[in-house]
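Numbering (this note's numbering), first residue to last: -12 to 69. We put the CB at the ideal spot given by N, CA and C, even for glycine. Computed from a predicted model, the values in this text were never measured in an experiment. Each remark here refers to the structure printed beneath this line.
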Amino acid sequence: MDKDLYLSLKAEVHKRISHFIEDGYSLIGDIFMTLDEETGVAEVDVFLINIYNSSLPLEKYYRYQLLINEMQHFWVYLDNND
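Structure follows, in structure tokens:
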């Protein structure tokens, strides 16, 4: 994956999960992304752990699908463990 595209996608993911970070969750490891360059579809897996708020679930897992074109990124919610 092109480094600039990877960094752009990673920044988008951080924007998407910022509300979880504000709620007391922390990112486990890195953001995992795979890109099918033929279709322009990236799959993103995010693992979070609750480090502050005991009333929320301990861990969260989210999978997003990102459709890429030259102008913008479109997010499609796929799955979580709530």
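(request) State the Cα-Cα distance for the pair E24 and Y48, rounded to the nearest angstrom. (result) Against the sequence shown, residue 24 aligns to sequence position 37. Against the sequence shown, residue 48 aligns to sequence position 61. Each residue's Cα considered, the two are about 25 Å apart.
(request) May I have the straight-line CA-CA distance separating L53 from V28, to the nearest angstrom? (result) Translated into positions along the sequence shown, residue 53 becomes position 66. Translated into positions along the sequence shown, residue 28 becomes position 41. Between L53 and V28, the C-alpha separation is close to 6 Å.
(request) Look up D69 in the DSSP assignment and say whether it is helix, strand or coil. (result) Along the sequence shown, read from residue 1 onward, the residue named residue 69 stands at position 82. Below a pLDDT of 50, predicted positions are generally treated as unreliable, and D69, at 48, falls in that range; the measurement from the model is reported next regardless. Residue state, collapsed to three classes: coil.
(request) Determine the DSSP secondary structure at I4, reduced to helix, strand or coil. (result) The sequence position of residue 4 within the sequence shown is 17, counting from 1. Residue state, collapsed to three classes: helix.
(request) For Y39, count neighbouring Cβ atoms within 10 angstroms of its own Cβ and tell me buried if that reaches 16, exposed if not. (result) Translated into the one-based positions of the sequence shown, residue 39 becomes position 52. The residue is exposed, with fewer than 16 neighbouring Cβ atoms inside 10 Å.
(request) Tell me T21's beta-bridge partners as DSSP assigns them. (result) The residue given as residue 21 occupies position 34 in the sequence shown. Answer is E30.
(message) Given this structure, state the Cα-to-Cα distance separating I36 from T26, to the nearest angstrom.
(response) Position 49 of the sequence shown, counting from 1, holds the residue named residue 36. Position 39 of the sequence shown, counting from 1, holds the residue named residue 26. Rounded to whole angstroms, I36 to T26 spans 32 Å at the Cα level.
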